[in-house]
Amino acid sequence: MVAVVAAGCDEGGTKLSPVDNEPVQQEARLESFPGCEALERHIEDTATKQMRASLEAYKQYVYADDGRGGESPPTTGAPMPQEDNAGGGERPTDYTGTNNQVAGVHEADFVQNDGTRIFVLSGPRLYIHRSWPAEQLTRTAALEVEGWPREMLLDAERNRLVITSAVAEDRPGTTAGGRGGADVPVMDCAGLGCGYASGNTVKVTVVDVADLEAPRVLEQIYLPGGYLSARRVDGAVRLVFSDGFRWPADVRLYPEYSPGLFNDRDRLASYIDGLIRQNEQRIRAQALEYWLPKGRRVTADGEEKPLSYDCTSFYRANGPTGLGLVSVLSLNLDAEESSPGRTSVVGQPGEVYASQDALYVASRHWWWWPEAGQTTHTYLHKFDLSDPGQAAYVGSGTVEGYIINQFAMDEHDGVLRVATTVEVPPQAHPDNEGDTVWTPPETVNRVVTFREEGGHLKALGRSEDLARGERIFSARFMGTRGYVVTFRQVDPLFTFDLSDPANPRKVGELKIPGFSTYIHPLGDTHLLTFGEHRAEDGTWEDRALKLSLFDVSDLANPRETFTHLLGSTSSHSEALHEHKAFTYFPAKGLLALPFTDWDYTAYDYWSGFRSELRVFRVDTATGFSPVGTVSMRDMYQAFNFRNWSWYWQPTVRRSIMADDYVYTISDAGVRVSHVDSLQTPLVTAPFLPPAPSGPWEP
1 MVAVVAAGCD EGGTKLSPVD NEPVQQEARL ESFPGCEALE RHIEDTATKQ MRASLEAYKQ
61 YVYADDGRGG ESPPTTGAPM PQEDNAGGGE RPTDYTGTNN QVAGVHEADF VQNDGTRIFV
121 LSGPRLYIHR SWPAEQLTRT AALEVEGWPR EMLLDAERNR LVITSAVAED RPGTTAGGRG
181 GADVPVMDCA GLGCGYASGN TVKVTVVDVA DLEAPRVLEQ IYLPGGYLSA RRVDGAVRLV
241 FSDGFRWPAD VRLYPEYSPG LFNDRDRLAS YIDGLIRQNE QRIRAQALEY WLPKGRRVTA
301 DGEEKPLSYD CTSFYRANGP TGLGLVSVLS LNLDAEESSP GRTSVVGQPG EVYASQDALY
361 VASRHWWWWP EAGQTTHTYL HKFDLSDPGQ AAYVGSGTVE GYIINQFAMD EHDGVLRVAT
421 TVEVPPQAHP DNEGDTVWTP PETVNRVVTF REEGGHLKAL GRSEDLARGE RIFSARFMGT
481 RGYVVTFRQV DPLFTFDLSD PANPRKVGEL KIPGFSTYIH PLGDTHLLTF GEHRAEDGTW
541 EDRALKLSLF DVSDLANPRE TFTHLLGSTS SHSEALHEHK AFTYFPAKGL LALPFTDWDY
601 TAYDYWSGFR SELRVFRVDT ATGFSPVGTV SMRDMYQAFN FRNWSWYWQP TVRRSIMADD
661 YVYTISDAGV RVSHVDSLQT PLVTAPFLPP APSGPWEP
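Count the sequence shown with UniProt numbering and you get residues 1 to 698, in order.
Take a look at the structure:
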C-alpha cells in the first residue's frame, strides 16, 4: 500500500522549506482586488500555504525517531381561551421585543413580534400568530421554508420578514479538511437527519406578512456559505455569512498512514514534500468559479436569475487570517427591485458588532505554527452603513488578544471600545526525562479604544492589565462607562471610566464567587447580571444559576446589593450563552428566563426533568421577587424524546411580555398566561414537529 501511495508523489525532489509564520500587522488594512485574476491568485496562494502547513505538521508531530508518538499541544393538551377582557384594545400599551445590544439596531432571532403579531421559526416552518388581545392568541398561518430556518428579522412598518435558512445543494469539492474530490452530499432537510449544520448554502427568503392568513414570498436568494449574524436599521438589512473555499479533487491534507512510512522520518518528510508539490499543481489549476460559486435569485413569480459578484468588492487583509470568506450582504427593503450589495473579505469569520452607522467584523491573526512568546491578535475591520444597499469598507486596526462576543465591542461618539483577553498559548519544553511537556497558557485582560483616522483604526488608549490568569466571561459598555467580568475561581467585576478615550481607566473592582455571562443595564446606576454561582474552592457541589443586582452609582465602589440563586448543579438556561433568551420588561420591572433542571433522585427521567419559564419582579431597592413559572411539561412530554435533537427541542427557549401577559415560546408552540396566574395558561398554540427521520424512531 505504501509503495502505491508514495509512487504518486516525488520523494526524490528538492527538500521544501517550511511555511514560516507571518508577523502580526500592527497597521492592519484591507485591500480590494483590482480584478478576478488577482482574487484567484490570492485564494490559490493562501490555499497553498494552508495545505503546506497542514501537511508539514506531520513532519513535526507524528512520530519521533524512536517510533513513539510525538507530543501534540493540549486542546464542551392546550387550555381553551377564558373570558378575560383585561387584554383588550387594539394593541398593548407596552411590550418586549428582541433583546438588542444597541438601541435602533435590530438583531435577528427565531422569534419576532410587534405587540400584536408573533412570528416563530420552528423546524422547517414559519408560524404566524395574531397575539393581541392575549386571550385570543391564534395561529393564523404556517409557511414551509426551504432547508432549515435559522433566524429572521421583522420590519413591522414595511410588513416584511427576512428569513435565513441553511440549504444543502449539490456542489463539487469539499470545504472540510481531509481529502477532496467527492461531491458534497445533499441531505433531506425536511427531517431531523439534516439541521442547519449540514447546509452548504445560505438562503434568504423575504416574506410579505401584511396579510397574516396569507403570507407571500417575494424573493429568495441563494449564496454558498453559512449564516453568521444579521442586523436591521430602518429598511436596511445586513446579513453576515461565511464560506469555506472548495478544495480541488484529490487534494490531500494529510498523508495516508503506513507503519513503514511513518517510522522513517526522512522518508516521511520526502513523501510529504512530494505530496505538497502534487497538491499545489491541482490548486493552481482550479478556476475561480470553482473556488467561488455564484449565487442565484428567485423572484416572486418564480423567475430565476444568476447572482454574480464583482471581484473588486472582495478584500484581502495584509495579515494572514486563514482560508475562508466573510461577506456582508445588504438588502434595501425600500428598493426591493435592486440587486443586493455584497462586500467580502478573504479570511476566517469572527465576532460581529453593529452600531446604527457602522458594522465591525473581528478576525484573528492566523498562526501557521505555535512558537515561543506567541500571543493572540485580532484584526478589526470597519464598514460604513450609510448606504442601505452596500456596506463600504472604512478601515482596519489590530488589537492584542481575542474578543469573547459582540458585547466586548461598542462604538460611542465615533470611538470603538474593545475588551480582550490576551493569551500566550501553551509552550513546549523538555522535562528532566527528555519528554515534551506543555506549560499552561497565560492570560491577561484589558480594554482598548480606537478611532478611525485616514482608513486606519488608530489605538487611542489602553487600560492596565487586569486579572492575570483569568479570562473575560462578559462585558458591557454604556455611554462613558464600561464593565468587564473575568473568572477563574471568583468573579471580579471591573468598572471603567471611559470619558477620556485616550485614557480608559479601571476605577473599581468587586470580587464575588462565580461569574456572570450577561450584563444588562438598569439605567445609569445599576446592573442586572445572570450567570453561575460557584463555591470559592471551585467545586461544583454548590453550583447554581445566579441573578445579581449591582449598584454602580459610585463607579469606584461597585456593590452587589441583591442575589438570587436558581436550581441545582444540573440547572441550565439558554440565557447563559444567548442574550436573546433574556427578557427584561422595564415597564413592569419583570424578568423572564428559560430554565431547565433535572432531579437525579427521581424514579425516571421524565419525572425528574423540568423545563419552564421563570418570572421575577426586579426592584433595585428590594431585589428579586419570584412571580411564578410557566411550565410546558405537557408539550415536551408528549414527544418523549421523539424528534428531539440539538436543533429542535420542545423545551422553553424564549418569552415575550405585553402589558400583564407573558408569552412562553418553545420549538413546540406558544403559550400565553396572565402574570398573576402564570400556572394557568389562557391559550396554547401548538406547532407541528419536524418529520421523523432519526434512528430512534420506532
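Each residue gets a CB set at the ideal place from its N, CA and C atoms; glycine is no exception.
Could you check which residue in the options has the C-alpha nearest to that of residue i?
| i | options | result |
| --- | --- | --- |
| Y95 | H106, R610 and M657 | M657 |
| N113 | V670, P340, P690 and L522 | V670 |
| E400 | G389, Y360, L121 and A459 | A459 |
| T495 | L555, Y600, D250 and F110 | L555 |
| E107 | A535, E90, R150 and G115 | R150 |
| E303 | L253, H377, V217 and R316 | V217 |
| A544 | F550, D551 and A535 | A535 |
| T93 | P133, H564, N263 and N557 | P133 |
| R232 | G225, G274, P430 and V328 | V328 |
| D542 | L549, D551, E532 and F550 | E532 |
| T299 | S270, F595 and E337 | E337 |
The alpha helix (DSSP H) spanning residue i covers which residue range?
| i | result |
| --- | --- |
| P259 | P259 to F262 |
| L275 | R265 to R284 |
Per DSSP, which residues does residue i bridge with? Please list them.
| i | result |
| --- | --- |
| I163 | M152 and T205 |
| N432 | For N432, which the question treats as bridged, DSSP gives no partner whatsoever. |
| L380 | A362 and G397 |
| H572 | T596 |
| D491 | I512 |
| E304 | V298 |
| D465 | DSSP output for D465 lists no bridge partner at all. |
| M409 | V418 |
| D497 | R481 and R505 |
| Y584 | L591 |
| P521 | L527 |
Using C-beta distances below 7 Å, list every residue in its chain close to residue i, excluding the 5 sequence neighbours before and after it, in chain order.
| i | result |
| --- | --- |
| residue 714 | The structure shown does not extend to residue 714, since the chain spans only 1 to 698, so no value can be given for it. |
| K294 | P306, L307, S308 and Y309 |
| G235 | D155, R158, N332, L333, D334 and P388 |
| S463 | R446, V447, F496, P504, R505 and K506 |
| A587 | D94 |
| G628 | V615, L678 and Q679 |
| R68 | Model confidence at R68 stands at a pLDDT of 38, short of 50, so the residue's coordinates are unreliable; what they give is reported in the following sentence. Excluding sequence neighbours, R68 sits near nothing in its chain. |
| C311 | F33, G35, C36 and L39 |
| S568 | A544 and D597 |
Leaving aside the five residues before and after residue i along the sequence, list all residues of the same chain whose C-beta is less than 6 Å from its C-beta, in chain order.
| i | result |
| --- | --- |
| L331 | V237 and P340 |
| G97 | none |
| L688 | none |
| R297 | I221, K305 and L307 |
| L323 | T46, A47, Q50 and F245 |
| V415 | T449, R451 and P501 |
| W598 | S570, G608 and F609 |
| D84 | Low confidence applies to D84: its pLDDT is 38, below 50, so where it sits in the model is not reliable, and the reading given next is rough at best. So the list reads E135, once near-sequence residues are dropped. |
| E219 | V206 |
| L510 | L493 and P558 |
Just to confirm the assignment, what range does the beta strand (DSSP E) spanning residue i have?
| i | result |
| --- | --- |
| N332 | L325 to N332 |
| L545 | A544 to D551 |
| Y290 | Y290 -> not in any beta strand (DSSP E); alpha helix (DSSP H) instead, spanning L288 to W291. |
| E442 | E442 to E453 |
| A134 | Unbroken run through A134: none, as it is neither H nor E. |
| G531 | H526 to H533 |
| S344 | G341 to V346 |
| V424 | V415 to V424 |
| E213 | Run containing E213: none; DSSP gives neither H nor E here. |
| H674 | G669 to H674 |
| Q112 | V111 to N113 |
| S338 | S338 -> no beta strand (DSSP E), and no H or E assigned at all. |
| P686 | V683 to P686 |
| A658 | V652 to A658 |
| R29 | Premise fails: R29 is in no beta strand (DSSP E) and is neither H nor E. |
Excluding five sequence neighbours on each side, which residues of the same chain lie with their C-beta closer than 8 Å to the C-beta of residue i?
| i | result |
| --- | --- |
| I472 | I404, A408, A419, T420, T421, N445, V484, V485 and T486 |
| A285 | P248 |
| A502 | T449, L460 and G461 |
| V394 | A358, K382, F383, D384, E452 and G455 |
| Y600 | S570 and G608 |
| Y58 | Y254, P255, L268 and I272 |
| A685 | A78, Y127, H129, L137, T138, R139, G669, V670 and R671 |
| R29 | A317, N318, G395, S396, G455 and H456 |
Enumerate, from N- to C-terminal direction, the unbroken alpha helix (DSSP H) stretches of 4 or more residues contained entirely within the stretch 599-639. 605-608 and 633-639
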